[in-house]
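**Student:** Letter by letter, the sequence shown follows residues 154 to 274 in my numbering. To start, I am sharing the structure in question, which I have written as structure tokens.
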Amino acid sequence: KDDAAGQAIANRFTANIKGLTQASRNANDGISIAQTTEGALNEINNNLQRVRELAVQSANSTNSQSDLDSIQAEITQRLNEIDRVSGQTQFNGVKVLAQDNTLTIQVGANDGETIDIDLKQ
């Protein structure tokens, strides 16, 4: 004898499990986006700290013009690297620092169980 009610319950559980499994993968993607962005921001922060250090160094009146030129060259290089990192950092083709964007991540088995990640330039 067929157990239609039991089969319907089993199908619903199976669908729910599959939805939760995919939601878990989606959440892991969200974590990866955050980690990718964090790595890029750490790199930018390191460059900014070096620029600050160089700016303080350049304020010393004992520097020669050659010293100042070298300091300025490194500052320019560091600023260019910041631009490169912010423009090129991507996750699955999405430039996470180069443009304003909102990513919606489905983290539950049901509609509306989402988390929004706001990416601001």
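All C-beta atoms in this analysis are idealised placements derived from N, C-alpha and C, irrespective of residue type, glycine included.
Do R203 and R231 have their C-beta atoms within less than 9 Å of each other?
**Tutor:** Cβ atoms of R203 and R231: closer than 9 Å.
**Student:** May I have the straight-line CA-CA distance separating S177 from G261, to the nearest angstrom?
**Tutor:** If I take the Cα positions, the gap works out to 8 Å.
**Student:** Kindly give me the distance between the Cβ atoms of T190 and V249, rounded to whole angstroms, as I take these residues to be in contact under 8 Å.
**Tutor:** With 8 Å as the limit, T190 and V249 qualify as a contact, their Cβ atoms being about 5 Å apart.
**Student:** What's the gap between the Cα of A163 and the Cα of T255?
**Tutor:** The alpha-carbon atoms of A163 and T255 are separated by roughly 36 Å.
**Student:** Assuming N200 and I224 make a contact with CB atoms under 8 Å, what is their CB distance in whole Å?
**Tutor:** Between I224 and N200 the Cβ distance is about 14 Å, and since that is not below 8 Å, they are no contact.
**Student:** Given Q280, which residues of its chain have a CB within under 7 Å of its CB, disregarding the five upstream and five downstream residues?
**Tutor:** Residue 280 lies beyond the range of the chain shown here (154 to 274); nothing can be said about it.
**Student:** Closest to I197 by C-alpha separation, out of N233, I184, K273, would be which residue?
**Tutor:** With distances taken between Cα atoms, I197 lies closest to N233.
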